[in-house]
Each structure stands twice: as structure tokens, then as C-alpha cells.
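Residue numbers (the working numbering): 273 to 502.
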């Protein structure tokens, strides 16, 4: 993408978790997380979607940076929703979706297929613990994301949510930089084979949100229009 470093684009767009596992029995950690979901201000254990969302879709994401419509990035990649370990629930396959997003960024920004080397070397994420993710990139850097607070709202054909996240990025030397951000998104089932949505990512002022070290006012990093078909 002209005029914007690949690393900056990846950091801006990297907002949701990685890797997927089949439904698993409830373990002690998940029991604790479900209990915490009942505490006011913490939120649900994950974002739950209508059953009609389940399956694989073709995502087209149009990203606008810092309110500049002339700097719009268009990404196309697979995106899917899977059955949750919760009864009768569907969740985003955060691992699959993020891995495909990483590939799409490299292919679009560099104008190439990305070669045989995947931009993602490995990642750790589990459906039973959707709030924690670690991803190792092929350039030797890593990112770790933790959802610290979540609010959701759902109808028969729409889902809205807000997630506050702690993002830890380490360079090749292992030096960490910790920041806070918020992701606000809304999804709508237009018809059985079509979804539409929007996503706004805010920089919440820097610092560690768990330590209360943010100092600046929130600022919009990017706005995305989401179109999914199958």
C-alpha cells in the first residue's frame, strides 16, 4: 500500500485472535471465565452469532485509515464462523480468520502472492480461552492480545460488540511495547448468502490498560466496511 509501511498496516489491522480447535469439554479455566462473565463490566466469554452465520465466507474488507478515504485498502480473504463450546452458539474462528487476514495484507500491500513463506509462523489460541492469543510472525516479531472487557448485543440477524484489548508487541530482540485499543463492530445478516458489517479500531491512549497507564484520549486508527458472501 502506497505511503504506508507494511508493519504499520499489520499493527493497525491486527485486532482479533488466532487458531481454531473443535468443541472441547468444559475445563477448570473455562469454568472460571464463565463465572467471570457474570461479573458486571467483564462481559460474555466470547461474541456469539446467530446460527445462520456458521460456515465459510468470502470476506471483502475495505479499510480507511485515520479518516482518509484516499488511503483505503481493499482486502479479500476467507472468513468463517464455527460452532462454539457453548450449547447452540456460533463464534468467529478467530485463528483461521486472523491467519487469512495476515496473508491478505502481505499479498495486497506488497502486490505479490507472498511467496512460499507464510507471514504467520505459529499461533496459540483456543475456543475455551478466546480472550488470549499469541502469534509469532515469520520476521521474528510477536504479538500477544488479551481482551480485558467486552459488551455484546444480539438480535435474530444482527450482532454488535465492543472489546477492549491489551496488545503486547515484541520486536526481534524481544523488547515489548504495550498498548491499549478498542474494537467496535456490527454485523448484519442481509440474506442467507450475504453478510455486511463495519468495524472501528480505536487507539485508547497507549500504555498497559491493566495497569491504568494510558494517558492520551482515544483516537480512531481505522474504519472497515465488511462484505461477506458465499
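By construction, the Cβ of each residue, glycine as well, lies at the ideal position given by its N, Cα and C atoms. Just so it is clear, the structure is predicted and the values come from calculations on it, not from any experiment.
Helix, strand or coil at residue i [DSSP, three-state]
i: residue 326; result: coil
i: residue 376; result: helix
i: residue 431; result: strand
i: residue 361; result: coil
i: residue 490; result: coil
i: residue 447; result: coil
i: residue 335; result: strand
i: residue 319; result: coil
Residues that DSSP places opposite residue i in a beta bridge
i: residue 469; result: 459 and 498
i: residue 366; result: Answer is none; residue 366 lacks a bridge partner.
i: residue 392; result: 409
i: residue 414; result: 408 and 442
i: residue 343; result: Per DSSP, none; premise fails for residue 343.
i: residue 381; result: Paired residues: none, contrary to the question.
i: residue 424; result: 433
Cβ distance (whole Å) where residue i is taken to contact residue j below 8 angstroms
i: residue 320; j: residue 356; result: 7 angstroms
i: residue 458; j: residue 432; result: 4 angstroms
i: residue 333; j: residue 496; result: 5 angstroms
Beta-carbon contacts of residue i that lie in its chain and below 6 angstroms, excluding the five residues immediately before and after
i: residue 394; result: 408
i: residue 311; result: Because residue 311 carries a pLDDT of 45, less than 50, the predicted location of this residue cannot be relied on, and the following value inherits that uncertainty. Excluding positions up to five away in sequence, the list is empty.
i: residue 369; result: 351
i: residue 435; result: 419, 422 and 455
Residue burial classification, residue i (beta-carbon count within 10 angstroms, cutoff 16)
i: residue 367; result: buried
i: residue 383; result: exposed
i: residue 465; result: exposed
i: residue 422; result: buried
i: residue 330; result: exposed
i: residue 318; result: buried
i: residue 391; result: buried
i: residue 347; result: buried
i: residue 335; result: buried
i: residue 437; result: buried
i: residue 378; result: buried
Same chain only: Cβ atoms within 8 angstroms of residue i, ignoring 5 sequence neighbours per side
i: residue 301; result: Confidence in residue 301 is poor, its pLDDT being 48 and thus under 50, which makes the residue's placement too unreliable to answer from.
i: residue 462; result: 468
i: residue 489; result: 477
i: residue 328; result: 350, 351, 352 and 502
Neighbourhood of residue i by C-beta, 7 angstroms cutoff - its chain only, sequence neighbours within 5 removed
i: residue 414; result: 406, 407, 408 and 442
Near the ligand FMN: residue i beta-carbon under 7 angstroms from a heavy atom
i: residue 420; result: Ligands are entirely absent from the displayed structure, and the ligand FMN is therefore not among its contents.
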